[in-house]
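Protein chains in written order, with our numbering: chain A, 1 to 179; chain B, 1 to 538.
Just so it is clear, CB atoms sit at the ideal spot from N, CA and C, and this is done for glycine as well.
Written out as structure tokens, the structure reads:
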């Protein structure tokens, strides 16, 4: 295939494939990095590598599986660079998480759908707290102040909710047999 | 150790890691735990998906509250994705050149979500709106695909990859505009919106000016179209290229490129040869009578449907069959089930009459938030099957679910069959009324934007004796779910395409309207078998 020129068919294909795999790639990186901000960051870097290598991609193969290997190396690299100041998982653990996560991702959609149903069963104040927290993660202190509560109390309440929701999601998904 | 305590401690470590509040000592414990326990790893994966779901939901919530956002945002953006593609391409071009690398460029990426500020949460709606397709199967006659490779449905979007047509004529429309008729037996690999590789078969291409540069590769060389009609016969001992109109470039290994113009043809076997033949349109007649053959086969399909309908309607367990063949302007849908005397006709509220799967087949279009068909399904059902032919037009970004058929209210035994905003199907049976708890069974994703506009047969079976719920799509089993509790369903008053929390409800309630068409609905008092389901979706 010719070089990756901006208007070549391959760049269109690249965009559609990367778009389609975006959610799963993020889900793949999350389990190695532990949070969404780092996962977004690493996926951004990995996307550039994936683009550079795209000429070698065989369109008859699964794009996500192919792209995930670049994402994995980018995650490893990211941790190495950040190692001095940050807490991170070692390479052995990363390897194992990556291997097991690939088949596990088949359950991702069902989990996302189940969680939405769980949120619907949650009361209004609970939903409000979840929304505030996930939209403005850093501002739990400000939120506590607005509600006249201690930040730790609010954080504890939030974590109790997360636990409750995680249990509900599990209940709604684990009983499914096969697909 | 108490396993419950275990989970509690795990969850505490997980959230601390996710929120960045974890201490070095805790981090060590978390890493050791994940190394040693496969169960902890599974929990960790589920936890991360839960976090992703909470983030995505929060972004959608914010989107819902934001005034002035178009209700049909997700679908509009999908449609816009085609036209704005070149904007992204420019971005990728720069990226490839290595000129702009960094967060600023990343912010242009259409799908970035969590790193953006809440004000930019329009982005969240795009998460569902992706496609990897490059073409669609627009028409076909007597199609027989090699199912071990792929068997696309009519109007199905086609991703890059191999197709092997055993017999029949398929018309493929590439997103860039070229239209390719393929006569089986043929093998073709779709490469992009403007290119394909033909191994063998007979092909006839129409390439309008916007699709100039459409490229068909073959084992004997590449054909680049400069805006024409041409035919390609790879079945013959000596493969030939025929140009009916316009101009085509023929690139073959080791020889100079040749240009063929209107009325000429060339053999591909001897690349050096300059011998030109006269184009023979008669050899590619399969592409010209396609219109007539398609109409004939659609008439046949409709006749066939009418015939088997009589047989179907006689099924003693069939309680409701709405075939939507009611006269123009009708405000109710008659129940065609022979044994459904006890069940009255469905009442149409709003909705428009339109054409269904074939000419002559009638359908109702659901569009506004008030459109619905009201129906009474008395009785208790320890097993049932619910099925419908639907054409979904979009999923609303601000709406969690779209009703296919939902019992009015939230009483124990109420049946809620709907499409979730992710595109998955959900069958819910209300298990507790106050406070309300629904046992939900959620299928894998069915409706990606690729499926919008296609007629799809959806069905769900519920069976207390077998302790199972099943979902079927187009007659094929999609997923099986173990019954959570043996609640006996009592659908009672229900609505197609919408939902009312109660008959006298006056407050505001969540919007559940379905956006699309329906041309058949049935309800059986038994769980149909996989074979029966296959028949039903024919």
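For residue i, write down the residues that DSSP places opposite it in a beta bridge.
i: residue 154 of chain B; result: Residue 154 of chain B pairs with nothing; no bridge assigned.
i: residue 139 of chain B; result: B:171
i: residue 320 of chain B; result: B:523
i: residue 419 of chain B; result: B:402 and B:425
i: residue 145 of chain B; result: B:165
i: residue 277 of chain B; result: B:265
Would you mind working out which of the options sits nearest residue i, comparing C-alpha positions?
i: residue 146 of chain A; options: A:129, A:20, A:109 and A:156; result: A:129
i: residue 14 of chain A; options: B:150, B:526 and B:191; result: B:191
i: residue 314 of chain B; options: B:494, B:405 and B:339; result: B:339
i: residue 349 of chain B; options: B:372, B:467, B:47 and B:528; result: B:372
i: residue 344 of chain B; options: B:375, B:65 and B:61; result: B:375
i: residue 424 of chain B; options: B:408, B:446 and B:430; result: B:446
i: residue 227 of chain B; options: B:214, B:351, B:234 and B:54; result: B:214
i: residue 238 of chain B; options: B:261, B:202, B:414 and B:490; result: B:202
i: residue 26 of chain A; options: A:64, A:51 and A:12; result: A:64
i: residue 325 of chain B; options: B:317, B:361 and B:461; result: B:361
i: residue 366 of chain B; options: B:44, B:132 and B:394; result: B:394
i: residue 441 of chain B; options: B:144, B:284 and B:468; result: B:468
i: residue 106 of chain A; options: A:136, A:174, A:80 and A:150; result: A:174
i: residue 475 of chain B; options: B:282, B:267 and B:530; result: B:530
i: residue 553 of chain B; options: B:199, B:261 and B:174; result: It is not possible to answer for residue 553 of chain B, since the shown part of chain B is limited to 1 through 538.
i: residue 436 of chain B; options: B:404, B:413 and B:478; result: B:413
i: residue 158 of chain B; options: B:175, B:380 and B:235; result: B:175
Shorter than 8 Å from the beta carbon of residue i to some beta carbon of chain B?
i: residue 67 of chain A; result: no
i: residue 117 of chain A; result: yes
i: residue 130 of chain A; result: yes
i: residue 17 of chain A; result: yes
i: residue 80 of chain A; result: no
i: residue 74 of chain A; result: no
i: residue 53 of chain A; result: no
i: residue 172 of chain A; result: yes
i: residue 46 of chain A; result: no
i: residue 59 of chain A; result: yes
i: residue 147 of chain A; result: no
i: residue 20 of chain A; result: yes
i: residue 100 of chain A; result: yes
i: residue 97 of chain A; result: yes
i: residue 93 of chain A; result: yes
Measure from the C-beta of residue i to each C-beta in chain A and report whether the shortest distance is under 8 Å.
i: residue 79 of chain B; result: Per-residue confidence for residue 79 of chain B stands at a pLDDT of 32, beneath the threshold of 50, marking its modelled position as unreliable; the derived number appears in the next sentence. No, residue 79 of chain B lies away from the interface with chain A (no Cβ there is under 8 Å from its Cβ).
i: residue 17 of chain B; result: yes
i: residue 537 of chain B; result: no
i: residue 499 of chain B; result: no
i: residue 424 of chain B; result: yes
i: residue 216 of chain B; result: no
i: residue 390 of chain B; result: no
i: residue 550 of chain B; result: Nothing can be reported for residue 550 of chain B: it is not among the residues displayed for chain B, which extend from 1 to 538.
i: residue 193 of chain B; result: yes
i: residue 20 of chain B; result: yes
i: residue 442 of chain B; result: yes
i: residue 434 of chain B; result: no
i: residue 61 of chain B; result: yes
i: residue 172 of chain B; result: no
i: residue 400 of chain B; result: yes
i: residue 446 of chain B; result: no
i: residue 407 of chain B; result: no
i: residue 24 of chain B; result: yes
i: residue 420 of chain B; result: yes
i: residue 104 of chain B; result: For residue 104 of chain B, the pLDDT reaches just 32, beneath the cut-off of 50, and the residue's location in the model is therefore unreliable, although a value from the coordinates is still provided. It does not; no Cβ of chain A falls within 8 Å.
i: residue 204 of chain B; result: no
i: residue 134 of chain B; result: yes
i: residue 412 of chain B; result: no
i: residue 542 of chain B; result: As shown, chain B starts at 1 and ends at 538. That puts residue 542 of chain B outside it, with no answer to give.
Give a yes or no on whether the minimum CB-CB distance between residue i and chain D is below 8 Å.
i: residue 11 of chain B; result: Structure shown: chain D not included; protein chains present are A and B.
Identify each residue in the region 24-37 of chain A for which the Cβ-Cβ distance to at least one residue of chain B is less than 8 Å, and report them in chain order.
Within the region 24-37 of chain A, the residues whose Cβ lies closer than 8 Å to some Cβ of chain B are 26, 27, 30, 31, 34, 35, 36 and 37, listed in chain order.
Whole alpha helix (DSSP H) runs in the region 357-415 of chain B with 4 or more residues, listed along the chain?
The qualifying runs do not exist here; there are none.
Near-chain A residues of the region 28-55 of chain B (beta-carbon distance less than 8 Å), N- to C-terminal order:
Listed by position along the chain: 31, 34, 35, 38, 41, 42, 44, 45, 46, 47, 48, 49, 50, 51, 52, 53, 54 and 55.
Jot down the residue ranges of each uninterrupted beta strand (DSSP E) in the region 455-515 of chain B, minimum 3 residues, whole runs only, in chain order.
Counting only runs of 3 or more, we get 455-463, 468-473, 476-482 and 492-496.
At what residue ranges does the region 20-102 of chain A contain a whole run of the alpha helix (DSSP H), taking only runs of 4 or more?
DSSP assignment within the region 20-102 of chain A yields the following whole alpha helix (DSSP H) runs of 4 residues or more, N-terminal first: 36-53 and 63-82.
Threshold first: 3 residues or longer. Then list the beta strand (DSSP E) segments lying entirely within the region 185-273 of chain B, N to C.
Within the region 185-273 of chain B, the complete beta strand (DSSP E) runs of at least 3 residues are 195-206, 215-218, 221-225, 229-233, 240-245, 247-251, 258-261 and 264-267.
Along the region 151-171 of chain A, where does the CB come closer than 7 Å to a CB of chain B? Name the residues.
Within the region 151-171 of chain A, the residues whose Cβ lies closer than 7 Å to some Cβ of chain B are 159, 162, 163, 165, 166, 169 and 170, listed in chain order.
Enumerate, from N- to C-terminal direction, the unbroken beta strand (DSSP E) stretches of 3 or more residues contained entirely within the region 430-458 of chain B.
Listed in chain order, they are 437-445.
What are the residues of the region 146-169 of chain B that lie near chain A, defined by any Cβ-Cβ distance shorter than 9 Å?
Residues 159, 160, 161 and 162.
Sequence ranges, beta strand (DSSP E) only - wholly within the region 281-362 of chain B, length at least 3:
Within the region 281-362 of chain B, the complete beta strand (DSSP E) runs of at least 3 residues are 318-322, 346-349 and 352-355.
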